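Structure, as structure tokens:
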Amino acid sequence: MGVITKVEVQKRGGRYNIYLDGKYAFPAAESVLLKYNLFKGSEVDKELQAKIKRDDDIAMAYSKAIDYLSGFLRSTKAVHDKLVGFEIPEDVIEMTIERLKEYKLLDDLAYAQSYVHTQAATSDKGPFVISQKLRQSGISANDIEEAMLDYSIEDQVENATKLANKLVKRYHRESGFQRQQKVYQGLSTKGFGGEVITQVQEVLKGEPEDPDDELDNLREMAAKLWARNRRYEGNERVQRTKRNLYAKGFDGDAISTVVNQLMEENTD
Numbered sequence: 022m023g024v025i026t027k028v029e030v031q032k033r034g035g036r037y038n039i040y041l042d043g044k045y046a047f048p049a050a051e052s053v054l055l056k057y058n059l060f061k062g063s064e065v066d067k068e069l070q071a072k073i074k075r076d077d078d079i080a081m082a083y084s085k086a087i088d089y090l091s092g093f094l095r096s097t098k099a100v101h102d103k104l105v106g107f108e109i110p111e112d113v114i115e116m117t118i119e120r121l122k123e124y125k126l127l128d129d130l131a132y133a134q135s136y137v138h139t140q141a142a143t144s145d146k147g148p149f150v151i152s153q154k155l156r157q158s159g160i161s162a163n164d165i166e167e168a169m170l171d172y173s174i175e176d177q178v179e180n181a182t183k184l185a186n187k188l189v190k191r192y193h194r195e196s197g198f199q200r201q202q203k204v205y206q207g208l209s210t211k212g213f214g215g216e217v218i219t220q221v222q223e224v225l226k227g228e229p230e231d232p233d234d235e236l237d238n239l240r241e242m243a244a245k246l247w248a249r250n251r252r253y254e255g256n257e258r259v260q261r262t263k264r265n266l267y268a269k270g271f272d273g274d275a276i277s278t279v280v281n282q283l284m285e286e287n288t289d
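So the mapping is simple: our numbering equals the position in the sequence shown, first residue as 1, plus 21.
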């Protein structure tokens, strides 16, 4: 049994140092101080000190969690991992998380809904990528499914169309076929599903391509490949150049015409 001889305020607000029989014994949060009436002259035995230590650990964990949550929505996993970084015991972390949930300070569904809304409004990510990010954040499948309801098919098509137009511009020097393939791949990589991609492709098909642009792209690519295959002679150079152009999706008749023109222009 010890007697509290001094209660000292720490520099860190809301924290105190407790002295028993003239010697420093343990720290305590203000809430713990009040709960156990830890004032000068109070007696503290080992059993009570163990309770104080546990409640102070919980108070410390709760305080750190509140600081981490300040101004931001966080997932349960993020808060858990943050507290683990402070080397807080697992049972204390679990109690802290339950308390945060009880006070509605931690809500994975609300976090997921906010994340989906933000990503749908500000990014070019599709639902599969967004869902994957939420899974990595420790959100349950049920909460993800409910949150994704806020990302309508109409919004997905709108965002996917914007992305598709950017990809069309990026690959404007490719053949129409290859450009279409890269747009599809780009949309898929960003997490858009087949239904949305099909709708977007239908929209793009409604915008006719300029055949002159396709021919210009073919001529430019053919010239590069012709030069690259210069080490081959005669028919082998011609066939390699044509195969390369076929692989890039250009029209066969147009390829023959352009390559024949290259042969006439380059008699070397």
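Idealized CB from N, CA, C, for every residue including glycine.
Model, not experiment: these values are computed from the prediction.
Looking at ALA46: is its Cβ nearer than 8 Å to the Cβ of ILE39? yes
HIS193: buried (16+ other C-beta within 10 angstroms of its C-beta) or exposed? exposed
So, helix, strand or coil for LEU184, using DSSP? helix
If you run the structure through DSSP and keep just helix, strand and coil, what is GLY197? helix
Can you tell me which of the three DSSP states ILE39 falls into? strand
Quick check on PHE149: does DSSP put it in helix, strand or coil? helix
To the nearest angstrom, report how far apart ILE25 and VAL113 are at their CA atoms. 26 Å
Per-residue burial, ALA19 [other beta carbons within 10 Å of its own, 16 or more giving buried]: Nothing can be reported for residue 19, as the shown portion of the chain is limited to 22 through 289.
Could you check what DSSP says for GLU108 in three-state terms: helix, strand or coil? coil
Which of helix, strand or coil does DSSP assign to ILE218? helix
I'd like to know if the region 103-122 and the region 68-83 are in contact, where contact means that at least 3 CB-CB pairs between them fall below 8 Å. yes
I'd like to confirm the pairing. Which residues does DSSP put opposite ILE165 in its beta bridges? None; ILE165 has no bridge partner.
Would GLY255 be called buried (16 or more neighbouring beta carbons within 10 Å of its own) or exposed? exposed
Hey, how far is the Cα of ALA22 from the Cα of VAL28? Reading off the sequence shown, one finds Met at residue 22, where the question assumed Ala. The straight-line gap from Cα to Cα measures roughly 17 Å.
At the level of alpha carbons, what is the spacing between GLU64 and ASP42? 10 Å
If contact is defined by three or more beta carbon pairs under 8 Å, each pair taking one atom from either stretch, is the region 182-196 in contact with the region 154-161? no
Do you know how far the Cα of ALA248 is from the Cα of ASN281? 14 Å
Whole angstroms are fine: how far does the CA of GLY197 sit from the CA of PRO229? Bear in mind that a pLDDT of 47 at PRO229, under 50, signals an unreliable position, so the number given afterwards is only what the model happens to contain. Each residue's alpha carbon lies about 11 Å from the other.
Inter-residue Cα distance where the pair is GLN31 and GLU68: 24 Å
Roughly how many whole angstroms lie between the Cα atoms of ARG252 and ARG261? 11 Å
Could you pull the start and end residues of the beta strand (DSSP E) that TYR45 belongs to? 44-50
Continuous alpha helix (DSSP H) assignments of at least 4 residues falling wholly in the region 56-109: 67-90, 97-106
With distance defined between alpha-carbon atoms, name the residue in ALA185, THR97, ASP176 nearest to ASP128. THR97
Unbroken beta strand (DSSP E) run spanning GLY23, endpoints: 23-30
I want to know whether the region 131-143 touches the region 200-212 - three or more CB-CB distances under 8 Å. no
Can you tell me the Cβ-Cβ gap for ASP88 and HIS138, rounded? I've got them flagged as a contact below 8 Å. Not really, about 25 Å apart at Cβ, beyond 8 Å.
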